[in-house]
Amino acid sequence: METGVACCARGTFLPSISSQHSMSLFSPSSISPSFNSKVLKSSSLFGESLRVAPKSSLKVVKSKNSTSVTKCEIGDSLEEFLNKATTDKGLRTLLMSMGEALRTIAFKVRTASCGGTACVNSFGDEQLAVDMLADKLLFEALQYSHFCKYACSEEVPELQDMGGPIEGGFSVAFDPLDGSSIVDTNFTVGTIFGVWPGDKLTGVTGRDQVAAAMGIYGPRTTYVLALKDIPGTHEFLLLDEGN
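Number 73 in the numbering used here belongs to position 45 of the sequence shown; there are no gaps in the numbering.
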């Protein structure tokens with residue numbers, strides 16, 4: 029399988045070197061009109077929009093041995109890559125929406141002062157634990173993408189109706205923040221999710237997925253994405269706006 033490495037500076041996503049997978053930058057400065065990130069409000073004491081990180085743009089920094097199927101080129105944004113990789117508008121919109129959520133989770137992980145069960149903001153107010161904030165943000169991103177029918181997570185294992193269509197829609201299962209118990213040690217943690225077509229999350233296998241991805245929050249923030257029938261994996265880096 030192809031693999032790749034990306035580079036990131038805070039705020040925007042850029043791809044780095046790939047051994048056999050293409051890499052791109054993942055900081056969607058804009059997403060589908062159907063998804064308004066400003067709508068993602070936190071009901072917690074943060075008292076702010078969940079979309080607080082600066083806008084960023086994903087671009088391919090380097091591609092090595094990339095498949096001709098994806099035609100991924102250096103400088104491609106996440107949106108440009110998805111436009112080349114799939115004709116499914118719903119899947120593109122959903123993956124862009126999840127990318128926006130990952131960007132904000134990265135900001136929360138980087139700035140929240142967290143213990144085992146709760147976080148504290150700059151005013152000393154106790155907040156939801158960072159994994160619960162990540163869970164909430166991802167569910168909201170899926171809902172506002174308008175292409176997710178059902179979703180469930182490690183925190184909420186029961187199927188949640190996201191309001192999307194069955195025909196042309198998708199179901200998503202995710203771990204909002206794998207390794208959340210070690211956030212305060214400053215080790216790398218991440219989000220993992222899989223995307224299946226239609227309205228089923230039971231009786232399906234990994235081979236039935238149309239997409240799978242990870243958001244990795246460490247010294248660099250990356251969005252690693254794999255699409256069905258597209259060889260290899262594709263990595264996007266979060267960089268400062270304008271870099």
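Where a beta carbon is used, it is the ideal one built from N, C-alpha and C, also for glycine.
C-alpha gap between residue i and residue j, whole angstroms
i           : j           : result
residue 180 : residue 204 : 10 Å
residue 194 : residue 174 : 11 Å
residue 258 : residue 251 : 16 Å
residue 188 : residue 178 : 5 Å
residue 112 : residue 170 : 22 Å
residue 229 : residue 190 : 13 Å
residue 202 : residue 213 : 23 Å
residue 116 : residue 125 : 14 Å
residue 133 : residue 157 : 12 Å
residue 128 : residue 265 : 13 Å
residue 104 : residue 209 : 35 Å
residue 130 : residue 232 : 25 Å
residue 207 : residue 164 : 17 Å
residue 162 : residue 140 : 12 Å
residue 186 : residue 200 : 12 Å
residue 196 : residue 109 : 21 Å
residue 166 : residue 172 : 10 Å
Beta-carbon contacts of residue i that lie in its chain and below 6 Å, excluding the five residues immediately before and after
i           : result
residue 254 : 240 and 261
residue 215 : none
Contact set for residue i: own chain, Cβ-Cβ below 7 Å, skip 5 residues either direction
i           : result
residue 160 : 183
residue 137 : 158, 211, 217 and 245
residue 236 : 224
residue 114 : 120 and 255
8 Å Cβ cutoff, residue i in contact with chain D
i           : result
residue 183 : You won't find chain D in this structure, because it holds only one protein chain.
Bridge partners - residue i, DSSP secondary structure assignment
i           : result
residue 190 : Its beta-bridge partners do not exist; DSSP assigns none.
residue 225 : 198
residue 218 : 206 and 244
residue 250 : 244 and 265
Own chain residues within Cβ distance below 8 Å of residue i, not counting five before or after
i           : result
residue 234 : 222 and 240
residue 198 : 118, 119, 122, 175, 176, 177, 192, 223, 224, 225, 226 and 238
residue 256 : 237, 238 and 239
Contact test: residue i Cβ vs the ligand HEM heavy atom, cutoff 7 Å
i           : result
residue 138 : Summarising the ligand content, the structure contains no ligands, and the ligand HEM is consequently not present.
Which residue spans inside the region 105-186 form an unbroken alpha helix (DSSP H) run of at least 4?
106-113, 117-139 and 158-173
Could you say if the region 241-249 and the region 219-230 meet the contact criterion of at least three C-beta pairs nearer than 8 Å?
yes
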